[in-house]
Each structure stands twice: as structure tokens, then as C-alpha cells.
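Colleague:
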Amino acid sequence: MSALDLYSEPFAKTGNIAAEGFRKLLGRPAMNLLQTVIREALQNSLDAAQNGDGPEVLLRTRVLNEDEVRVLRSQVFARRPEGERHADLSEALDNGPIRVFEIADFGTTGLGGPTRADAPTDGEEDLDFVNFMRNVGAARDTHQGGGTYGYGKTSLYALSGCSTIFVDTQARERGQSVRRAMGCRIGEAYDAGSGSERRRHTGRHWWGRDDGEGGVDPLEAGEAVAISAALGLPERTTAREGTTIVIIAPIFDEQSDVRNDLIETVLWNFWPRMCRSTAQEKRLALRLEIDGEVVVVPDPEDFPPLDLFARALEGARHGDEAKAITSIRPRKHLGQLSIRRGARADRHVSALRKRSVIPKQSAHIALMRPVELIVKYVHGEPFPDGRFEWAGVFICSDEEEVEQAFADSEPPAHDDWVPQNLPTGAAKSYVNIALTRLSEEAKTYANPLGATGGGNERGPSLASTASIMGKLLEKASATGPGRGGGGSRGGVKKLKSLSAPRFVRLEMADGVRTAIFEADLVNDKSDPKLRIVAEPYIVIDGGMAAAADASVAFDGQVTRMALGVLQGTSGALEVGFNEGTVICHVPMPESAAVGVKLFLKEG
Amino acid sequence: MSRVDLLPRLKTIGVSHLLQDSNGAPPEPERVLEIIGENSPFVWFAASGGTAGNDLPSEFARGLRDIASRCGYPGENSQKARADFDREAAIWLGSHPSLQSGELLRDDVWAFLTTALLPKIVEWRYPERNHERYAGGVRNTFQRLWMRGVTLDLGEGHADRWVLVRELSEDAMVQIFERAAISSDARLSRAIARSWVDIAGLIGRGRMEDVMRRATIFIRVRNQVIDLAHLDDDDLAAEIAHAFNASIGSETGN
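Chains as they are written, first to last, in our numbering: chain A, 180 to 782; chain B, 147 to 400.
#1: Taking the CB atoms as reference points, tell me whether LEU513(A) and SER588(A) lie closer together than 8 angstroms.
#2: On the criterion of 16 or more Cβ atoms from any shown chain inside 10 Å, does VAL161(B) qualify as buried, or is it exposed?
#3: For a test of the three-state rule: what should DSSP assign to TRP385(A), helix, strand or coil?
#4: Looking only at DSSP bridge pairs, what is HIS497(A) linked to?
#5: Determine the direct distance from the alpha carbon of VAL311(B) to that of GLN736(A), and round the result to whole angstroms.
#6: Which partner residues of LEU685(A) appear in the DSSP bridge assignment?
#7: Please list the terminal residues of the continuous alpha helix (DSSP H) segment that includes HIS388(B).
#8: Roughly how far, in whole angstroms, is the beta-carbon of LEU335(A) from the beta-carbon of LEU552(A), given that I think they are within contact range, below 8 angstroms?
#9: Just to confirm the assignment, what range does the alpha helix (DSSP H) spanning GLU402(A) have?
#10: If I measure Cβ to Cβ from THR444(A) and keep anything under 6 angstroms in the same chain, skipping five residues before and after, which residues do I get?
#11: Taking 8 angstroms as the cut-off, decide whether the C-beta atoms of VAL712(A) and GLY747(A) are in contact.
#12: Hey, would you say GLY199(B) sits closer than 8 angstroms to GLY240(B), going by beta carbons?
#13: Which residues in the same chain as GLU578(A) place their Cβ atom closer than 6 angstroms to its Cβ, once the five residues preceding and following it in sequence are excluded?
#14: Using the Cβ count rule (16 or more neighbours within 10 Å means buried), how would you classify PRO187(B)?
#15: Going by DSSP, what residue range makes up the beta strand (DSSP E) through TYR280(B)?
#16: From the beta carbon of VAL96(B), is the nearest beta carbon of chain A less than 8 angstroms away?
#17: Give the residues of chain B in contact with SER705(A), contact being defined as C-beta atoms less than 8 angstroms apart.
#18: Give the residues from the segment 585 to 611 of chain A that approach chain B closer than 8 angstroms (Cβ to any Cβ), ordered along the chain.
#19: If you drop the 5 nearest sequence neighbours on each side, which residues of the same chain put their C-beta closer than 6 angstroms to that of VAL765(A)?
#20: To which residues does DSSP link LYS266(B) through a beta bridge?
#21: How long is the line joining the alpha carbons of GLU686(A) and ARG368(B), rounded to whole angstroms?
#22: List, from N- to C-terminal side, the alpha helix (DSSP H) runs of 4 residues or more that fit wholly inside the segment 272 to 330 of chain B.
#23: List the residues of chain B whose Cβ lies closer than 7 angstroms to the Cβ of VAL127(A), in chain order.
#24: Under the rule that 16 or more other beta-carbon atoms within 10 Å means buried, what is GLY669(A), buried or exposed?
#25: Pull out every residue of the segment 336 to 370 of chain B whose Cβ sits closer than 7 angstroms to any Cβ of chain A, in chain order.
#26: Work out the CA separation of THR240(A) and LEU410(A) for me, nearest whole Å.
#27: Kindly indicate which three-state DSSP category THR327(A) falls into: helix, strand or coil?
#28: Between the alpha carbons of TYR624(A) and LYS502(A), how many angstroms are there, rounded?
#29: Alpha carbon to alpha carbon, how far is PRO477(A) from ARG438(A)? Give it in angstroms, no decimals.
#30: Based on Cα-Cα distance, which residue from ASN211(A), SER407(A) and ARG379(A) lies nearest to LEU251(A)?
#31: Please identify the residue among THR158(B), SER329(B), GLU269(B) and GLU234(B) whose C-alpha is closest to the C-alpha of ARG217(B).
#32: Here's the rule I'm using: 16 or more other beta-carbon atoms within 10 Å means buried, otherwise exposed. How should PHE756(A) be labelled?
#33: Please return the same chain residues whose Cβ sits closer than 7 angstroms to the Cβ of ALA389(B), not counting the five positions on each side in sequence.
#34: What's the C-alpha gap between GLY340(A) and GLY374(A)?
#35: Using a Cβ-Cβ cut-off of 7 angstroms (strictly less than) and excluding sequence neighbours within five positions of LEU691(A), which residues of its own chain qualify?
#36: Three Cβ pairs or more, each shorter than 8 angstroms: is that satisfied between the segment 396 to 407 of chain A and the segment 263 to 275 of chain A?
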């Protein structure tokens with residue numbers, strides 16, 4: 180097979196979107212890149228699911244073998260952009276082993292429709308291929324689908340160390356099966372050519388077959404099958420429609436644990452489509468393969484706290500113990516909120532890492548549209564008692580006007596509802612009101628505020644204290660009541676203690692006005708060098724002076740300490756095994772009150 | 147008995163909610179309306195003791211906005227502009243007849259007036275965006291000025307009724323109004339303020355910061371052994387003068 184032809188896109192006179200701009204269109208998603216890629220790719224797969232069964236998705240990382248590397252270098256990407264600085268491409272393809280990250284879906288519609296962006300459309304046929312490979316920001320065509328724009332695909336390029344992907348798809352065009360394969364790169368804008376031919380290019384490149392008009396089309400039919408097989412991509416037949424996206428030289432953080440990152444990301448973002456209770460036609464079947472090893476992805480019901488979320492989802496779906504979120508003006512049902520709580524279950528081994536996105540104590544509401552793809556989580560107040568947690572699900576109403584409002588408020592990465600994205604009007608109000616209500620619910624679920632118009636603000640919750648006490652009780656009851664393990668009947672062990680000092684009287688001692696304090700010492704006679712240390716202080720605002728004030732106000736010393744026959748004339752007294760009433764003398768400065776702090780110090 | 151206007155109260159969690167959502171920036175009016183809107187769990191009125199209405203909050207906002215505008219808001223934000231605002235606002239708040247009720251002693255009332263009605267002025271006055279400037283308390287942007295106005299008012303019959311508000315430095319105000327033992331006694335606060343003005347006239351304002359700090363400590367210490375609230379005006383003035391003298395006497399270098 181001959182090497183693929185390359186088409187580097189020049190700017191049209193009327194202007195194109197430059198590649199940098201294309202990448203920026205993604206905005207700034209609130210997630211890391213791998214999460215964004217997984218969300219975008221899986222969302223697309225779910226949108227593209229054919230009627231009947233839910234899609235099957237394979238996520239696979241692997242290192243290409245020698246034959247596959249040769250095909251990639253000498254056939255797929257043999258031609259390189261002229262005039263562009265493409266060190267990243269050369270480095271990824273020409274040096275050492277090549278790693279790829281593949282996202283393959285099956286049971287989806289694949290990238291069908293015409294292959295050229297300028298092909299006229301009859302409005303009936305899907306434009307998946309051109310929208311994915313050529314156009315940016317095409318309007319959505321899936322009724323209440325998860326994807327509203329095509330911008331998210333830029334994340335695929337961003338994850339590639341050389342901003343390059345290769346795509347293989349089995350799809351349909353005008354009812355006929357088609358197989359297509361094509362490479363695409365999004366580099367930076369650059370100038371190329373010489374003399375009057377010199378032109379500025381957008382930085383977008385496609386590898387395929389010359390279409391005879393200066394551009395390229397994808398490889399088709401046998402040629403596409405052959406190149407895909409030669410690259411070791413998952414097999415496809417006309418009965419296994421779908422798309423494989425190969426991200427060349429993926430950038431995985433060196434510190435990251437790709438296996439657990441993928442498990443967590445998939446579950447945290449797509450659990451509603453993976454629950455055992457999810458209808459078959461919506462259910463996502465996921466396979467994960469990391470460098471040749473098949474990794475089992477647990478069901479959400481076995482991956483706390485998603486078990487709680489799964490229960491909340493059931494509630495929101497069926498309105499069972501769910502709360503309706505409504506707008507009063509304009510009056511409209513905005514959606515259902517369902518919250519479930521329970522004892523905090525131990526986390527799955529994949530979610531025990533420090534950087535895990537899975538919360539240690541859940542207090543979140545998952546927001547979604549009826550398509551049941553998570554947009555984001557609203558983080559609320561957890562229960563003060565760390566042994567319990569709660570999880571909520573909000574599904575916006577499927578009424579067209581409401582669903583459209585929420586969809587329109589989503590940024591390109593679909594990871595938020597941003598009312599500011601909408602013009603002033605009812606739609607904006609719906610999203611605003613729902614977000615406000617949900618935020619309030621999240622903040623007050625664990626600690627209800629009490630009735631509106633009630634009395635004072637609540638004090639701090641006693642739950643954490645109660646929890647500590649509860650743990651103590653658990654320990655006590657573990658040994659059984661009254662069974663002290665033998666030998667413990669010798670009475671309560673005596674501990675060292677010193678009471679708070681009491682003011683007794685004022686007296687004149689050697690002509691100095693002196694305050695006398697007393698305190699009670701209990702001694703377990705374990706330390707022969709036990710000492711009592713006294714620190715006098717000036718009283719200000721009813722208590723001890725703050726450090727900054729004290730330096731101005733007082734530098735007094737204790738003049739006498741006594742315990743029975745033991746006497747001392749400084750601020751410390753060695754008491755050894757003695758116990759009883761300690762007496763402490765503190766001289767009073769003029770016009771001030773003094774206090775004293777007493778401490779026990781072991782020898 | 148005169149009519150008491152009940153004012154809306156914003157719970158502490160409501161303040162946090164508003165500020166958290168805006169990352170510390172003053173919340174947009176639209177956002178405020180969502181939080182404090184109908185059936186908000188964060189806003190409430192006292193159940194009895196007066197009449198709830200919107201007139202006083204509107205007047206409050208209008209009055210302070212006018213003062214801020216005269217002092218340069220929103221364009222000019224110099225130290226002088228801010229000091230002018232503090233002074234004029236304290237006088238306005240201290241002299242407004244409807245702002246003298248017990249309602250104004252509540253932190254949550256101030257939290258509402260500040261966070262819900264005038265957040266942009268707070269940002270102009272305190273660009274550093276501290277939470278305590280919105281929440282109720284002695285550092286609330288307007289509550290502190292109200293305390294100054296109400297406490298340092300020398301009365302309608304006085305020839306120079308607002309001299310203390312005008313003359314005291316910001317540091318002196320903080321020394322008085324951020325010490326509960328002093329600010330809880332209006333007569334003591336005024337006595338200290340008067341002494342401050344007198345002493346500053348003698349030794350110059352430049353030396354007053356240290357002198358005032360030590361003097362207020364001496365006064366608070368003295369308050370533990372002599373109940374200053376029970377002294378008559380002359381004895382109280384003598385105690386305060388004594389504290390200032392002691393403070394000047396212990397200045398470094400003296």
C-alpha cells in the first residue's frame with residue numbers, strides 16, 4: 180500500500196478557524212485532561228448508540244509492536260507537513276517505542292454520512308464524519324443527547340503528545356455500509372510555500388487519499404480495513420459498527436496511575452449508565468485493557484459511595500422519596516432531587532489513593548439531564564459524624580423547554596451549567612433557580628437550618644462529639660459489661676491532677692499587697708521529681724491579658740509557694756510524692772487585679 | 147412608643163453562600179436576589195416587636211450610596227476618599243432616627259444590609275475582599291461606622307456634635323471599638339475619645355498611636371479593680387487622664 184496523502188489546510192481568504200483557536204474552543208473544563216477525554220469520548224459513544232442495546236466501549240493502552248510502528252511511520256504518517264515546525268510529531272513517531280491510547284466503541288452508528296464538509300445535505304442524513312473530522316462546533320443532532328457541540332473532540336488532540344489522532348470507523352452512508360480511516364493533526368498556524376505561492380496555514384492536517392481537488396478523503400473499504408488491521412486496531416465487521424480513535428503518544432502524567440485513573444473517571448462520570456438497574460438500551464458495557472492486561476471495572480453498586488448515588492438515582496427516576504425542584508415565577512417544574520444517606524462504606528481499592536476523585540465522605544449532588552450523563556457534582560456539607568454520608572441526584576425535567584435551557588447553559592465540555600451562557604429570560608431563570616435551590620439543599624441537608632424566621636443561629640453540631648463518645652462506648656461494650664479481663668478489681672487508678680487555683684484573700688506581706696491563691700494537688704506518687712510551676716498574670720477584660728497587652732501591663736513574679744512543710748520563694752516548687760493544698764502568693768501591682776496559672780511538670 | 151422598623155436578617159451561612167459562589171468578589175445583584183428571594187432559608191425577620199417593611203432598607207442603601215458617590219465612589223478610591231466616606235457615613239448612620247433601635251444591635255441585620263444591599267460599596271471601601279467586612283460584627287463595613295456614630299454622638303444640643311467622629315484617627319477608633327470592654331460602655335468610649343482629642347492637641351497626632359494603645363490597656367486593667375461605669379463624669383475623666391499620662395510617661399525615651 181502506498182503512503183497516505185497529506186492535506187495541510189491553508190487559510191481561506193475569508194478566514195478559517197486557526198488550530199490554536201480550535202483547541203481553545205474547549206474552554207477551561209473543570210476536570211483534568213484525561214477526565215475530559217473520557218467524558219467526551221464516552222458521551223459521544225452513548226449519543227451514537229444504536230437503538231436496542233447500549234454501546235460497548237473498549238479503553239485500551241498499548242505499545243505498538245515493530246510491524247505496527249513500521250506501518251505508522253512508512254504508510255500512515257510518512258508525509259509530514261511542509262514548512263511547519265513539527266518537532267512533536269517527529270519525536271513521537273520517529274524515536275523509540277510508540278504508545279497509543281485507543282477508545283473504541285461498538286454498537287454505535289460510527290462516523291457516517293458524507294466525507295466532505297462541503298457536500299450538500301438533505302437534512303436527513305447524519306453528518307457525523309464531517310462533524311467529527313472536519314467541522315468545529317456543529318449543532319447537536321441527537322434528541323436530548325449528551326453532546327451539544329463538537330468542541331469536546333479537541334481534548335483528544337490535547338491528550339496526544341503530538342496533537343495527532345488516527346480514526347477508524349465502520350458506519351453507513353445512505354444506508355450502505357462504509358469503512359473509513361483517516362489521520363488528523365492540529366498543530367500551530369504557520370507559513371509555507373515560496374514566492375507568490377507562499378501562504379499561511381491553519382495548522383490542521385489530514386492524512387488520507389487525494390480527492391483530486393487538492394484535499395484528502397479518508398481511506399475507504401479494503402484499504403481502510405487493511406491499514407487498521409496492520410495497526411492492530413480492534414476488528415470490525417459490518418455487524419460491529421462503531422469508531423476507534425487512536426490517540427498517538429498519549430500524555431499520561433508520570434506520577435499517575437492510569438489504570439485507577441480510568442476506573443475512577445469512568446465510574447465517577449458514567450455510573451448512571453453502568454448501574455445494574457440501568458435499562459439495557461441505555462447501559463454502557465465497558466472493557467478496560469492496560470498494556471495487555473484486562474482490568475475488571477466494578478459495578479457502581481460495588482463502588483462506594485456510588486452505591487448510595489445509585490439508590491438516589493432510582494429515587495429521582497421514579498419520583499420515589501424525591502423532592503420536586505420548582506420555579507415559582509415563572510411557574511415550572513424544573514426537575515427531581517433525590518437524596519439517600521447511609522453509613523460510610525469502605526472505599527474500593529481503586530479509590531484509596533490520595534489523589535482519588537472519589538470523595539472520602541460523600542456529600543454531593545450529581546446533576547444530570549434526562550439523558551443521565553453527569554454534568555457535575557454540587558458539593559455540600561457532609562454529616563459532622565464522619566461515619567455517615569449522603570449522596571443526591573438531580574435530574575432536570577424532560578419537558579423540552581426546561582431540558583433545552585439546561586443543555587444550552589452547558590459549556591462545550593458539558594461539565595457545568597452556566598446560566599450566564601443564556602440570554603436573560605425564562606430559560607436563564609430556570610437554570611439559576613435550580614442551581615440555587617440545589618446549592619441550598621446541599622448545604623443544609625446534613626445540618627438543617629430550622630424553620631425560617633426561627634431564633635438564633637444554631638451552635639456547632641454535637642454530632643462529632645457524640646461520634647467520639649459512641650466510639651468509646653463501642654470499645655467498652657466489646658469486652659462485655661462487667662468483665663474487666665481479671666485483675667482490674669483493685670479500684671480506680673489514681674492519676675496526678677491539680678485543680679484550678681482559687682483566690683482566697685488579699686494580705687499585706689512585708690509591706691506589699693499580695694493575693695493568696697490555693698489549689699488542690701492529687702498525686703499518684705509515680706514521680707519523685709514532680710514540680711508545680713506558677714505563672715502570674717494581670718487580669719484584663721475579665722481574663723488573662725493577650726501577649727501583646729501583657730508586656731505593657733505586668734511583669735510580676737510569684738513570691739511564695741507552699742505545700743505543707745514544703746516552701747519555696749519562686750514560681751516553682753518541687754513536691755515529689757506529696758499532695759494536698761498548694762498555696763501561692765502573688766504581689767499585686769497598683770490598680771490592677773492578678774491571677775495565676777499553675778502547671779504540673781514531671782521531672 | 148415609637149414605631150420600630152424590623153429589618154431583614156441574613157444568616158451567617160447565607161453570607162458564606164453568597165461570597166463563596168462569587169469567589170470573594172461582591173455578589174452580583176442577580177445572584178443576591180436568588181439567595182435572598184422568596185422562601186429563602188437564609189433570610190428572616192423577627193417574629194414580633196415591630197413592623198417589617200422595605201422602606202428603611204431602601205433608604206439605608208440610598209443614603210449610603212449617595213455618601214459614597216459624594217466621596218468618589220466608584221471611580222476614586224484614595225485613602226482620603228475612603229476616610230471621608232467613613233466619617234460622613236458614621237455621622238449619617240448615627241443621626242438617622244430610624245436607625246437607633248435594637249434591631250441595629252444584631253449582627254445578622256448588618257450582614258443583610260451589607261451583603262445583600264451594598265456589596266459593591268464594600269468592595270470599593272475594602273478592595274481586599276475580606277469576609278469579615280460583609281458578615282455582621284465589629285469589622286462589618288457599615289456596622290463599625292454605625293457604632294462610631296451612635297457612640298460618639300455628643301447630642302443635638304452640643305455645639306460641635308460630631309467633633310469626635312471627625313477628629314479621631316482610624317487607629318484610635320479601632321482601639322475603642324474593637325475592644326468590647328470599652329465599646330460596650332458608650333460613656334467610657336466618649337471619655338476616652340475626648341481625651342484622645344485633647345492629648346493629640348497637646349503632643350500631636352503622630353505620637354498618638356502608641357500612646358493610645360498603652361492608655362487603653364491601662365484603662366482596661368484599671369477597669370478590673372475600679373468599676374469605671376460607676377464613676378461620675380469628673381472622676382471618670384480623671385481616671386482616663388491618668389491612664390494617658392501614664393502612657394505618655396512610659397513612652398520609649400522618656
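Glycine is no exception: its CB is placed at the ideal position from the N, C-alpha and C atoms.
Modeller: Taking the geometry as given:
#1: Against the first sequence, residue 513(A) aligns to sequence position 334. Against the first sequence, residue 588(A) aligns to sequence position 409. No.
#2: Reading the second sequence from its first residue, position 15 is the one you call residue 161(B). Burial check for VAL161(B): the Cβ neighbour count within 10 Å reaches 16 or more, so the residue is buried.
#3: As a working mapping, residue 385(A) is identified with position 206 in the first sequence. Strand at TRP385(A).
#4: For the purposes of this step, residue 497(A) is taken as residue 318 along the first sequence, with counting starting at 1. Paired residues: none, contrary to the question.
#5: Here the question's residue 736(A) lines up with position 557 in the first sequence. Here the question's residue 311(B) lines up with position 165 in the second sequence. Approximately 42 angstroms, taken between the alpha carbons.
#6: Counted from its first residue, the first sequence places residue 685(A) at position 506. Paired residue(s): ALA694(A).
#7: Along the second sequence, one-based indexing puts residue 388(B) at 242. DSSP places HIS388(B) inside the alpha helix (DSSP H), whose first and last residues are 379 to 395.
#8: Along the first sequence, read from residue 1 onward, the residue named residue 335(A) stands at position 156. Along the first sequence, read from residue 1 onward, the residue named residue 552(A) stands at position 373. About 18 angstroms; that fails the 8 angstroms criterion.
#9: Reading the first sequence from its first residue, position 223 is the one you call residue 402(A). First-last of the alpha helix (DSSP H) with GLU402(A): 400 to 409.
#10: Position 265 of the first sequence, counted from the first residue, corresponds to residue 444(A). Closer than 6 angstroms at Cβ, skipping near neighbours: GLN214 and ILE217.
#11: Here the question's residue 712(A) lines up with position 533 in the first sequence. Here the question's residue 747(A) lines up with position 568 in the first sequence. Not a contact, by the Cβ cut-off of 8 angstroms.
#12: Within the second sequence, residue 199(B) is the residue found at index 53, counting from 1. Within the second sequence, residue 240(B) is the residue found at index 94, counting from 1. Contact flag unset, no.
#13: What you label residue 578(A) is simply residue 399 of the first sequence in a count that begins at 1. Counting only Cβ-Cβ distances below 6 angstroms, and skipping sequence neighbours, we find nothing.
#14: In the second sequence, residue 187(B) corresponds to position 41, counting from 1. PRO187(B) should be labelled buried.
#15: Your numbering for residue 280(B) matches position 134 in the second sequence. No beta strand (DSSP E) contains TYR280(B), which DSSP labels as neither H nor E.
#16: Here chain B has residues from 147 to 400 only, and residue 96(B) is not among them.
#17: To locate residue 705(A), count along the first sequence from 1; it is residue 526. Result: empty, since nearest Cβ-Cβ is about 39 angstroms, beyond 8 angstroms.
#18: Within the segment 585 to 611 of chain A, the residues whose Cβ lies closer than 8 angstroms to some Cβ of chain B are ASN611, listed in chain order.
#19: As a position in the first sequence, residue 765(A) is number 586, starting the count at 1. Scanning its chain for C-beta atoms nearer than 6 angstroms, with the 5 sequence neighbours on each side dropped, one finds around VAL765(A) the residues ALA694, PRO715, VAL737, VAL773 and VAL775, in chain order.
#20: Here residue 266(B) refers to the residue found at position 120 of the second sequence. Per DSSP, none; premise fails for LYS266(B).
#21: Working through the first sequence from its first residue, we reach residue 686(A) at position 507. Working through the second sequence from its first residue, we reach residue 368(B) at position 222. Going by the C-alpha atoms only, they are around 20 angstroms apart.
#22: Correct list: 289 to 298, 309 to 313, 316 to 323 and 326 to 329.
#23: Not covered by the structure: residue 127(A). The range shown for chain A is 180 to 782.
#24: One-based indexing of the first sequence puts residue 669(A) at position 490. With a pLDDT of only 43 at GLY669(A), under the threshold of 50, the placement of this residue in the model should not be trusted; the figure read from the coordinates follows. With fewer than 16 Cβ atoms within 10 Å of its Cβ, GLY669(A) is classed as exposed.
#25: Among the residues of the segment 336 to 370 of chain B, those with a Cβ less than 7 angstroms away from any Cβ of chain A are ARG360, ILE363, ARG366, VAL367, ARG368 and GLN370, in the order of the chain.
#26: For this step, residue 410(A) is matched to residue 231 along the first sequence. For this step, residue 240(A) is matched to residue 61 along the first sequence. Taking the straight line from one Cα to the other gives about 13 angstroms.
#27: Here residue 327(A) refers to the residue found at position 148 when the first sequence is read from its first residue. Bear in mind that a pLDDT of 39 at THR327(A), under 50, signals an unreliable position, so the model cannot answer this.
#28: Residue 624(A) sits at position 445 when you count from the first residue of the first sequence. Residue 502(A) sits at position 323 when you count from the first residue of the first sequence. Near 12 angstroms, if we compare the C-alpha coordinates of LYS502(A) and TYR624(A).
#29: Locating residue 438(A) in the first sequence gives position 259, where the first residue counts as 1. Locating residue 477(A) in the first sequence gives position 298, where the first residue counts as 1. Cα to Cα, the separation comes out at about 13 angstroms.
#30: Here residue 251(A) refers to the residue found at position 72 of the first sequence. Proximity to LEU251(A) across ASN211(A), SER407(A) and ARG379(A) peaks at SER407(A), based on C-alpha coordinates.
#31: Position 71 of the second sequence, counted from the start, is the residue given in the question as residue 217(B). In the sequence on display, residue 217(B) carries Cys and not Arg. Looking at the Cα atoms, GLU234(B) is the closest of the given residues.
#32: Within the first sequence, the letter at position 577 stands for residue 756(A). With fewer than 16 other CB atoms across the displayed protein chains lying within 10 angstroms of its CB, PHE756(A) is exposed.
#33: Position 243 of the second sequence, counting from 1, holds the residue named residue 389(B). Excluding residues within five positions, the ones whose Cβ falls inside 7 angstroms are ALA361, PHE364, ILE365 and ARG368.
#34: Position 161 of the first sequence, counting from 1, holds the residue named residue 340(A). Position 195 of the first sequence, counting from 1, holds the residue named residue 374(A). Cα to Cα, GLY340(A) sits roughly 33 angstroms from GLY374(A).
#35: Indexing the first sequence from 1 puts residue 691(A) at position 512. Note that residue 691(A) is Val in the sequence shown, not Leu. PRO766.
#36: With the rule of 3 Cβ pairs closer than 8 angstroms, the segment 396 to 407 of chain A does not count as touching the segment 263 to 275 of chain A.
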